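Visitor: Top line first, the protein sequences correspond to chains A, B and C.
The numbers in the UniProt record's numbering rise by one with no breaks, and the one at position 187 of the first sequence is 187.
The numbers in the UniProt record's numbering rise by one with no breaks, and the one at position 242 of the second sequence is 242.
The numbers in the UniProt record's numbering rise by one with no breaks, and the one at position 256 of the third sequence is 256.
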Amino acid sequence: MTAKTNAGRFFEDYRVGQILTHAVPRTVSGGERALYHALYPARHALCSSDEFARSCGLPAAPVDDLAAFHVVFGKSVPDVSLNAVANLGYAQGRWLKPVWPGDTLRSESEVIGLKQNSNGRTGVVWVRTRGLNQRDETVIDYVRWVMVRKRDADAPAPETVVPQLDATIAAPDLVTFDGLDFSSYDFALAGEPHRWSDYEIGETIDHVDGVTIEEAEHMMATRLWQNTAKVHFDATNREDGKRLIYGGHVISMARALSFNGLANAQMMVGLNGGAHANPCFAGDTVRAWSEVLDKADTGAPGVGAIRLRLVATRGGEPFTLKGDDGKYLPHVLLDLDYWALMPT
Amino acid sequence: MTAKTNAGRFFEDYRVGQILTHAVPRTVSGGERALYHALYPARHALCSSDEFARSCGLPAAPVDDLAAFHVVFGKSVPDVSLNAVANLGYAQGRWLKPVWPGDTLRSESEVIGLKQNSNGRTGVVWVRTRGLNQRDETVIDYVRWVMVRKRDADAPAPETVVPQLDATIAAPDLVTFDGLDFSSYDFALAGEPHRWSDYEIGETIDHVDGVTIEEAEHMMATRLWQNTAKVHFDATNREDGKRLIYGGHVISMARALSFNGLANAQMMVGLNGGAHANPCFAGDTVRAWSEVLDKADTGAPGVGAIRLRLVATRGGEPFTLKGDDGKYLPHVLLDLDYWALMPT
Amino acid sequence: MTAKTNAGRFFEDYRVGQILTHAVPRTVSGGERALYHALYPARHALCSSDEFARSCGLPAAPVDDLAAFHVVFGKSVPDVSLNAVANLGYAQGRWLKPVWPGDTLRSESEVIGLKQNSNGRTGVVWVRTRGLNQRDETVIDYVRWVMVRKRDADAPAPETVVPQLDATIAAPDLVTFDGLDFSSYDFALAGEPHRWSDYEIGETIDHVDGVTIEEAEHMMATRLWQNTAKVHFDATNREDGKRLIYGGHVISMARALSFNGLANAQMMVGLNGGAHANPCFAGDTVRAWSEVLDKADTGAPGVGAIRLRLVATRGGEPFTLKGDDGKYLPHVLLDLDYWALMPT
Numbered sequence: 001m002t003a004k005t006n007a008g009r010f011f012e013d014y015r016v017g018q019i020l021t022h023a024v025p026r027t028v029s030g031g032e033r034a035l036y037h038a039l040y041p042a043r044h045a046l047c048s049s050d051e052f053a054r055s056c057g058l059p060a061a062p063v064d065d066l067a068a069f070h071v072v073f074g075k076s077v078p079d080v081s082l083n084a085v086a087n088l089g090y091a092q093g094r095w096l097k098p099v100w101p102g103d104t105l106r107s108e109s110e111v112i113g114l115k116q117n118s119n120g121r122t123g124v125v126w127v128r129t130r131g132l133n134q135r136d137e138t139v140i141d142y143v144r145w146v147m148v149r150k151r152d153a154d155a156p157a158p159e160t161v162v163p164q165l166d167a168t169i170a171a172p173d174l175v176t177f178d179g180l181d182f183s184s185y186d187f188a189l190a191g192e193p194h195r196w197s198d199y200e201i202g203e204t205i206d207h208v209d210g211v212t213i214e215e216a217e218h219m220m221a222t223r224l225w226q227n228t229a230k231v232h233f234d235a236t237n238r239e240d241g242k243r244l245i246y247g248g249h250v251i252s253m254a255r256a257l258s259f260n261g262l263a264n265a266q267m268m269v270g271l272n273g274g275a276h277a278n279p280c281f282a283g284d285t286v287r288a289w290s291e292v293l294d295k296a297d298t299g300a301p302g303v304g305a306i307r308l309r310l311v312a313t314r315g316g317e318p319f320t321l322k323g324d325d326g327k328y329l330p331h332v333l334l335d336l337d338y339w340a341l342m343p344t
Numbered sequence: 001m002t003a004k005t006n007a008g009r010f011f012e013d014y015r016v017g018q019i020l021t022h023a024v025p026r027t028v029s030g031g032e033r034a035l036y037h038a039l040y041p042a043r044h045a046l047c048s049s050d051e052f053a054r055s056c057g058l059p060a061a062p063v064d065d066l067a068a069f070h071v072v073f074g075k076s077v078p079d080v081s082l083n084a085v086a087n088l089g090y091a092q093g094r095w096l097k098p099v100w101p102g103d104t105l106r107s108e109s110e111v112i113g114l115k116q117n118s119n120g121r122t123g124v125v126w127v128r129t130r131g132l133n134q135r136d137e138t139v140i141d142y143v144r145w146v147m148v149r150k151r152d153a154d155a156p157a158p159e160t161v162v163p164q165l166d167a168t169i170a171a172p173d174l175v176t177f178d179g180l181d182f183s184s185y186d187f188a189l190a191g192e193p194h195r196w197s198d199y200e201i202g203e204t205i206d207h208v209d210g211v212t213i214e215e216a217e218h219m220m221a222t223r224l225w226q227n228t229a230k231v232h233f234d235a236t237n238r239e240d241g242k243r244l245i246y247g248g249h250v251i252s253m254a255r256a257l258s259f260n261g262l263a264n265a266q267m268m269v270g271l272n273g274g275a276h277a278n279p280c281f282a283g284d285t286v287r288a289w290s291e292v293l294d295k296a297d298t299g300a301p302g303v304g305a306i307r308l309r310l311v312a313t314r315g316g317e318p319f320t321l322k323g324d325d326g327k328y329l330p331h332v333l334l335d336l337d338y339w340a341l342m343p344t
Numbered sequence: 001m002t003a004k005t006n007a008g009r010f011f012e013d014y015r016v017g018q019i020l021t022h023a024v025p026r027t028v029s030g031g032e033r034a035l036y037h038a039l040y041p042a043r044h045a046l047c048s049s050d051e052f053a054r055s056c057g058l059p060a061a062p063v064d065d066l067a068a069f070h071v072v073f074g075k076s077v078p079d080v081s082l083n084a085v086a087n088l089g090y091a092q093g094r095w096l097k098p099v100w101p102g103d104t105l106r107s108e109s110e111v112i113g114l115k116q117n118s119n120g121r122t123g124v125v126w127v128r129t130r131g132l133n134q135r136d137e138t139v140i141d142y143v144r145w146v147m148v149r150k151r152d153a154d155a156p157a158p159e160t161v162v163p164q165l166d167a168t169i170a171a172p173d174l175v176t177f178d179g180l181d182f183s184s185y186d187f188a189l190a191g192e193p194h195r196w197s198d199y200e201i202g203e204t205i206d207h208v209d210g211v212t213i214e215e216a217e218h219m220m221a222t223r224l225w226q227n228t229a230k231v232h233f234d235a236t237n238r239e240d241g242k243r244l245i246y247g248g249h250v251i252s253m254a255r256a257l258s259f260n261g262l263a264n265a266q267m268m269v270g271l272n273g274g275a276h277a278n279p280c281f282a283g284d285t286v287r288a289w290s291e292v293l294d295k296a297d298t299g300a301p302g303v304g305a306i307r308l309r310l311v312a313t314r315g316g317e318p319f320t321l322k323g324d325d326g327k328y329l330p331h332v333l334l335d336l337d338y339w340a341l342m343p344t
């Protein structure tokens, strides 16, 4: 027997400045879009209808923002998180170009930080991951950091480099897609009358609906992004026989549920941060609530930016997040901080 | 917390003559078709093969008739049936134009009838729903009526208007798609030798096969049509922890099962009526039988119309429908009355 | 009630030389590809990325080899295996032309062998099945044989004809697609550095990963190929309430799992043989291992052929296959022998 399989990288295998070329480029089509809409209750009109997208200045409906994100992210898993003990965070994520059906995406990551933990057995790796299309344009760009095991606890610690990461993306750094124009936006077709000016900083929204998660669904979703980390698929991998649901599945579910109350937050353009507060398993009924954190102008006609906290839970009281100990309450699954675009 | 979410319309919110513009237009592609064929054992050749469709005078295979119906129907749910206590019936449904991959569908409904129930707490709302494509052509048109809760039991009753609805669509009112021609129809490729003249009024067919329903499948199907009524997705919504399966899922399953014995009933063109006799839940094994109710000529070459009763059951004896009390037997899920086109 | 449903063919219904035209041609699209990648952890770059395929001399990414196989196979089920007691084997399978999104596939089979069993109640039927595209080009060609029930045990036995089938396809008979050229193959994008010359005959590879199978997934997959044999869908069909998983689902799962260690075995081009050693059911966790059986040159630039045994298991020790009695061990699901193409 040979050892040709990928055992994943260990902490010692990373160097600051290293570029990781992720494998398996992927051409997306209407098939990925249809599956995305079958897997999540996604209804934002801009990614559902070519006609609606044209009325907003785009040539056609782009692939859903999070679908594009998952494709880019999934490619990074074998090189970044196969031996990850924990996904610690996201920062400075931006959607830079639309992804169209027919585009081919690949991704690459640069190691931008390393810090061995005091226990000597694990370390934190920061990477900046870029998704590129067939024209070598960067379509998505984000930082994430993970805790990775060392292969050999006695290996020397690398020099500590902790990248300086702003907690949020400044509004002027958000990118609106070429041509985007909400000045003749159709609120009836979009599904809700609430515009950017109707939302106040501090306002909270309970998105009301819930979806009980099935094994078949989260596995199909996760495979669709060619994320094949075995914890998501192999029921024999944990002692309790549970398959851990890909955190991105919870993000997409919560974002889709947020349509009810945020139907006009059409596109994600910035990912400020995010925490997978507790693991999600099949049988959980996922719910979501949002809080308006900030608002900003953009240069595009009729287009405002809104910064939102999106929280996914499995029941529990909405608008509760952390306990007295500062830790996430057990029913909280996700705490995400993002910028979206809305008609003003 | 704000109340920006959609609580759905109550009985008092409808007026006869009111036009409801339904949200979230949708562009369909080969992705929706592939999913339809993965979710149902759909095998009618005309919607499976561009080449077969060309041999029948169409430029390509249209999107499956019921897939188009579900897209149109799904859009109406937030405005018509979110607070529905019951879906009471369908009438006068017609497929008027083919839907092609690439088309964008939207839908709108006109309120055509209102009748408050004697209990004062609910009322019946009749709507005529139209599905339109990006050229503003009506592709599907049907009436349905639902029982809706009142917000306030003390609100005054509206004037009662009960629309006159013919029990069936007269054969001359059926529309055959432009160019449709079954005169060089290939029965071997279609899968069965039985033509229109081989079916007799009163004949019954047991479609033999059964499919045991899974939660993941009906949820994916229902989401694909952007029908997000929570009863279908949230296992905490009912005391028994069951998710109610979208009635359209049962219609599609039964219609697909009817291929075995009705392989040449290629296209649905008229929906005379339908009752969701009993709720369907995951774990039920759905079976189907049909009865030939009528036959008629059409103007198109080689094309006959056949009127069929399609009954879906979860086991039980085929060809049994109602008990001595005139009520549907507990194993009956669906009793549908439709017109299809067949080669003569 | 009439008997218009398809009861399937019995042993007496076959004649050597008979051509069976299988029904329901199918146009494939990006939808089928996306579903294939959602249902299996398929990551071979050539079928995932148009750009990667172009760098290998093809005009675009073909539909996955096994997806094409399943479409062709599925059409043959109603005419060949609806009454099959057992699928006994495959031989001489070849992929002859790429299948592109937009192609329409149909299939037909020729009966090439018949042998009544000594019990008089069943017989073996050999067929050569061809998949054809809309240009009447054969894209896939293989032999399979099944054990089929007799309708009437007293019917006379046909003359025994047992086709001579070579155990493997000779390397010169393998077909490489027009234009295929691995001379500027990108190993980083493909996912592994191991090339044809790195594999030795006799070498074994444990593919490490496992996938726990769900009912919803195998049913969606099987329906996608329009294979509607009721054993796969109807939980009331067996006394134990289990649905038998389509053998092709296990083939696709194992082949996809084999990416981890054989990422560069990009395309299947020959199917020498295969046995479904034990039935697979939902809840099984499928794993895979491979053995290098042979290697050969091809005429195409930079392209080598590798002959592999692919074994799917539900746990158990890898590299164990048969017991002392010569029978497959209970944990072995599949023993497949195929040729693939790899960069040299």
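Here a beta-carbon is modelled for each residue, glycine too, at the ideal position from N, C-alpha and C.
Only a predicted model underlies this, so the values are computations on that prediction, with no experimental measurement involved.
Starting from the beta carbon of B/Glu215, find every residue of chain A whose beta carbon is closer than 7 Å, and list them in chain order.
Guide: Glu214
Visitor: Contact criterion: CB-CB distance below 8 Å. Does A/Glu317 meet it with respect to chain B?
Guide: no
Visitor: Between C/Asp234 and chain B, is there a C-beta pair that is closer than 8 Å?
Guide: yes
Visitor: Could you run through the stretch 14-45 of chain B and flag, in chain order, every residue whose CB is less than 7 Å away from some CB of chain A?
Guide: Thr21, Ala23, Val24, Pro25, Arg26, Thr27, Ser29, Gly30, Gly31, Glu32, Ala34 and Leu35
Visitor: Among residues of its own chain, excluding the 5 on either side of A/Thr298, which ones have a beta-carbon nearer than 8 Å to its beta-carbon?
Guide: Ala171, Leu174, Thr176, Gly304, Ala305 and Leu341
Visitor: Starting from the C-beta of A/His44, find all residues in its chain whose C-beta is less than 6 Å away, skip the five residues before and the five after it, and write them out in chain order.
Guide: Excluding positions up to five away in sequence, the list reads Gln266.
Visitor: Is B/Asn278 close to chain C, meaning its C-beta is less than 8 Å from at least one C-beta of that chain?
Guide: no
Visitor: Under 9 Å Cβ-Cβ, which residues of chain C neighbour A/Leu132?
Guide: Near A/Leu132 there are no residues of chain C at all, since even the closest Cβ is about 11 Å away, more than 9 Å.
Visitor: Between the stretch 230-254 of chain B and chain A, which residues of the former have a C-beta closer than 8 Å to a C-beta of the latter?
Guide: Lys230, Phe233, Asp234, Ala235, Thr236, Asn237 and Arg243
Visitor: Determine the contact status of A/Arg314 and A/Asp335, defining contact as a CB-CB distance below 8 Å.
Guide: no
Visitor: How would you call A/Asn119, buried or exposed, if buried means at least 16 neighbouring beta carbons within 10 angstroms?
Guide: Under this definition A/Asn119 is an exposed residue.
Visitor: If you follow the beta strand (DSSP E) that A/Lys295 is part of, which residue opens it and which one closes it?
Guide: Annotation: the continuous beta strand (DSSP E) that includes A/Lys295 extends over Thr285 to Asp297.
Visitor: By DSSP's criteria, B/Ser109 is part of a beta bridge. Which residues make up the other side?
Guide: B/Leu20 and B/Thr129
Visitor: Quick check on C/Arg26: buried or exposed, where buried means 16 or more other Cβ atoms within 10 Å of its Cβ?
Guide: Note on C/Arg26: 16 or more other CB atoms within 10 angstroms of its CB, so buried under the neighbour-count rule.
Visitor: Any C-beta of chain B within less than 7 Å: which residues of the stretch 284-303 of chain A qualify?
Guide: Thr285
Visitor: Using a 10 Å radius around the Cβ and a threshold of 16 neighbouring Cβ atoms, would you call B/Ile205 buried or exposed?
Guide: buried
Visitor: Short of 7 Å Cβ to Cβ, which residues in the stretch 69-102 of chain C face chain D?
Guide: In the structure shown, chain D cannot be found, because the protein chains are A, B and C.
Visitor: Taking its Cβ as the centre, do 16 or more other Cβ atoms sit within 10 Å of A/Glu317, making it buried, or is it exposed?
Guide: exposed
Visitor: Are the Cβ atoms of A/Ala288 and A/Leu310 separated by less than 8 Å?
Guide: yes
Visitor: Any C-beta of chain A within less than 9 Å: which residues of the stretch 45-66 of chain C qualify?
Guide: Ala45, Ser48, Ser49, Asp50, Glu51, Phe52, Ala53, Ala60 and Ala61
Visitor: Between the beta-carbon of B/Glu214 and the beta-carbon of C/Met219, is there less than 8 Å?
Guide: yes
Visitor: Which chain A residues sit within Cβ distance under 9 Å of B/Thr129?
Guide: Chain A residues near B/Thr129: none, gap ~16 Å exceeds 9 Å.
Visitor: Give the DSSP-derived three-state secondary structure of C/Trp100 in the structure shown.
Guide: coil
Visitor: Answer with buried or exposed for B/Lys295, where buried requires no fewer than 16 other C-beta atoms within 10 angstroms of its C-beta.
Guide: buried
Visitor: Using a Cβ-Cβ distance under 8 Å, would B/Val311 count as near chain C?
Guide: no
Visitor: Would you mind sorting B/Arg128 into buried or exposed? The rule is 16 or more other CB atoms within 10 Å of its CB.
Guide: It is buried - the Cβ of B/Arg128 has at least 16 other Cβ atoms within 10 Å.
Visitor: Quick check: the Cα distance between A/Gly131 and C/Asp141, rounded to an integer number of angstroms?
Guide: 39 Å
Visitor: Are the C-beta of B/Leu271 and some C-beta of chain C separated by less than 8 Å?
Guide: no
Visitor: Check the Cβ-Cβ distances between C/Ala180 and every residue of chain A, and say whether any is below 8 Å.
Guide: Checking the sequence, you will find Leu at residue 180 of chain C rather than Ala. For C/Leu180, the nearest beta carbon of chain A is not closer than 8 Å to its own beta carbon.
Visitor: Is any beta-carbon of chain C found at less than 8 Å from that of A/Arg151?
Guide: Chain C has no Cβ within less than 8 Å of the Cβ of A/Arg151.
Visitor: Mind checking if A/Met268 is an interface residue toward chain C, Cβ cutoff 8 Å exclusive?
Guide: no
Visitor: Leaving out the 5 sequence neighbours to the left and right, which residues in its chain are closer than 6 Å to A/Pro163 when beta-carbon positions are compared?
Guide: Cβ-Cβ distances below 6 Å link A/Pro163 to Ile112, Gly113 and Trp126 in the same chain, with the five nearest sequence neighbours on each side left out; the list follows chain order.
Visitor: Assign B/Val28 to one of three DSSP states: helix, strand, or coil.
Guide: coil
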